[in-house]
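Chains as they are written, first to last, in this note's numbering: chain D, 3 to 223; chain E, 3 to 223.
Number of protein chains: 2
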Amino acid sequence: MTGRARPAGADAPPLTERQEERRRRILHASTHLAGRGGFDAVQMREVAEAAGVALGTLYRYFPSKIHLLVATMQDQLQHLHATLARHPPGGADPADRVAETLMRAFRALQREPHLADAMVRALIFADRSVSQEVDAVSRQTTAIILDATGLADPTPQQLSAVRVIEHTWHSTLITWLSGRASIAQVRADIETACRLIDLPAEGPPGGEDAGGAARSPSGAR
Amino acid sequence: MTGRARPAGADAPPLTERQEERRRRILHASTHLAGRGGFDAVQMREVAEAAGVALGTLYRYFPSKIHLLVATMQDQLQHLHATLARHPPGGADPADRVAETLMRAFRALQREPHLADAMVRALIFADRSVSQEVDAVSRQTTAIILDATGLADPTPQQLSAVRVIEHTWHSTLITWLSGRASIAQVRADIETACRLIDLPAEGPPGGEDAGGAARSPSGAR
DNA sequence: CGCTAACCTAGAACAAGTTTCAGACTTGAT
DNA sequence: ATCAAGTCTGAAACTTGTTCTAGGTTAGCG
């Protein structure tokens, strides 16, 4: 909780080969344990043992369980993005393409519900100390969705729509994972949210001054 | 973790007066501790002490910290719903009224960000063992939103829109609470999601068979 | 080679959520 | 009033995330 020195500003010091290797083993162990058993099954001692590193070392690489799982998600998202790039969606308009992409991702997660559980629960439970990493995941997700739209130059409304779609994606996934929504409902809600992409711009003069770049300026650092 | 016998099917056995009183003290302590310090500050030992009950008793009333915080949220939502009923929103169309209602709720939460943190993090982190309680919160939230629309007889699309709005509400709140979104962004995203309410129906024959009642039928029990 | 700083390991220790247990107290029915 | 069942208390124990420490290893460098 203490938020130790983590100069992860943009570039951690470059890792040696052995270190890259360790990091990979840790992420692999995390993915594996998450795959059976979900969030609760990812126990730091077990991750350390499975990865063949000491507990202290695990904590040097990932300062908390949440950091570890968010990094695992980043890892998985990279695979996903690469896969999707090879098979772009074929829908007629942007909304259809986004919905198709997300449903494809959803079917992939259905095959690994425990892994999905671990990653998404970590992502949404993360507090300020994980802001940077969560933000990275968010950017990656946004990139995937924007890729799917095929839009070169989205309007601020569309960016807001993308955020709403992301929110819906995470939240509906959680709802499904904890057995409170059917798959049909997940699909319906994702398609509903995706309709926002195609919406014509609306111009109430007082409104949206919160365009894309409105990151929280100071945060807590 | 074990999911002990909790016959909370629909009606716990009616509590005696002393028991109601204890329950109230516990919720009060929880609210108070959450108000200072958020999720992490709600420590079960401290709640028990502040409420003047033994730890074991606390766990008899609320089988986990998550259950406790979700119940706290239910409590707060009741107040909110009552308050809102006294001052209905004044927007022109349903979307405006919903957005106004949610922004009003959001301003209330701004005054107690720690409490909001504790409740919302618990709500979205909850796993299957808390399904019932989370579902109750969800129903209550849906009721608040539907009240705001003023719609007597919402279409399935509108119900899906309401769910998307709820997802957005929770998720954007988390994003704000962990310092990754500005208030302007929260407002923009809520307004964006609310536009779905006013959308004309769309009729792709293959689509939404996941109307309102599609609760997961069996769950994991 | 020999030094030094950074890194790693094993293991203990600590913190907070959760469980357990023996005994005291309440309650309701006889 | 008395008994049985259920509840509450206080305290210890257990689990898992996290931190700390002492000593061994590695990597770069003179």
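Backbone N, C-alpha and C define an ideal beta-carbon position, used for all residues, glycine too.
Remember, predicted model here, so these are calculated numbers, not experimental data.
Distance between beta carbons of D/Val136 and D/Val49, contact taken as under 8 Å: A Cβ-Cβ separation of about 20 Å leaves D/Val49 out of contact with D/Val136 under the 8 Å criterion.
Neighbour-count burial assignment, E/Leu175, 16 or more Cβ in a 10 Å radius: By the neighbour-count criterion, in which 16 or more other beta carbons inside 10 Å mark a residue as buried, E/Leu175 falls on the buried side.
Helix, strand or coil at D/Ala124 according to DSSP, with G and I counted as helix: DSSP places D/Ala124 in the helix class (H, G or I) of the three-state scheme.
8 Å Cβ cutoff, D/Ser32 in contact with chain E: Taking Cβ atoms only, chain E never reaches closer than 8 Å to D/Ser32, which makes this a no.
Contact list for the stretch 48-73 of chain E against chain D, Cβ threshold 7 Å: Flagged: no residues at all.
Simplified DSSP assignment, three categories, for D/Asp129: Collapsing the DSSP output to three states places D/Asp129 in coil.
Closer than 8 Å to chain D by CB, E/Gln80: So, not an interface residue.
E/Gly37 versus D/Pro96: straight-line alpha-carbon distance, rounded: Those two C-alpha atoms are separated by around 43 Å.
Interfacial residues, the stretch 163-184 of chain D to chain E, with Cβ spacing under 7 Å: Of all residues in the stretch 163-184 of chain D, Ala163, Arg165, Val166, His169, Thr170, His172, Ser173, Thr174, Ile176, Ser180, Gly181, Arg182, Ala183 and Ser184 have a Cβ within less than 7 Å of some Cβ in chain E.
Stretch-stretch touch, CB-based, cutoff 8 Å, three pairs: the stretch 50-61 of chain E with the stretch 114-132 of chain E: Contact check between the stretch 50-61 of chain E and the stretch 114-132 of chain E: fewer than three CB pairs, one atom from each, fall below 8 Å, which does not count as touching.
DSSP state of D/Arg25 mapped onto helix, strand, coil: D/Arg25 carries a helical assignment under DSSP once its states are collapsed to helix, strand and coil.
Reduced DSSP secondary structure (H/G/I, E/B, other) of E/Val166: Three-state result, E/Val166: helix.
For E/Thr174, three-class secondary structure by DSSP: Reduced to three states, the DSSP call for E/Thr174 is helix.
8 Å contact criterion, which D/Thr151 and D/Ile199 should meet: CB distance rounded: Contact flag correct, Cβ pair sits at about 6 Å.
Contact set between the stretch 190-205 of chain E and chain D, restricted to residues whose Cβ is under 8 Å from the partner: If the cut-off is 8 Å between Cβ atoms, the stretch 190-205 of chain E has Ala190, Asp191, Glu193, Thr194, Ala195, Arg197, Leu198, Leu201 and Glu204 near chain D.
8 Å Cβ cutoff met for E/Ser133 and D/Ser173: The Cβ-Cβ distance between E/Ser133 and D/Ser173 does not fall below 8 Å.
Distance between D/Gln76 and D/Gln45 (C-alpha atoms, nearest Å): The straight-line gap separating the alpha-carbon atoms of D/Gln45 and D/Gln76 is approximately 19 Å.
Buried versus exposed, by CB contacts within 10 Å (16 or more), E/Thr24: Note on identity: in this sequence residue 24 of chain E is Arg, with Thr being the wrong assignment. Classification for E/Arg24: buried.
Straight-line Cα distance separating E/Pro91 from D/Ser66: Rounded to the nearest angstrom, the gap between the Cα atoms of D/Ser66 and E/Pro91 is 43 Å.
Reference D/His69; option with closest CA among D/Phe41, D/Leu153, D/His83 and D/Glu19: Among D/Phe41, D/Leu153, D/His83 and D/Glu19, the Cα nearest to that of D/His69 is on D/Phe41.
Contacts around E/Thr74, its chain only, beta-carbon distance under 7 Å, and the 5 residues preceding and following it disregarded: Cβ-Cβ distances below 7 Å link E/Thr74 to Leu29, Ser32, Thr33, Ala36 and Met121 in the same chain, with the five nearest sequence neighbours on each side left out; the list follows chain order.
Rounded distance between the beta-carbons of D/Ala186 and D/Thr177, thought under 8 Å: Contact flag wrong, Cβ pair sits at about 13 Å.
Rounded straight-line distance, which links the Cα of D/Ala53 to that of D/Arg27: Whole-angstrom Cα-Cα distance: 5 Å.
Beta-carbon neighbours of E/Ala128, restricted to chain D and to distances below 8 Å: What E/Ala128 touches in chain D: Ser180.
Coil, strand or helix - E/Asp95 by DSSP: Three-state result, E/Asp95: coil.
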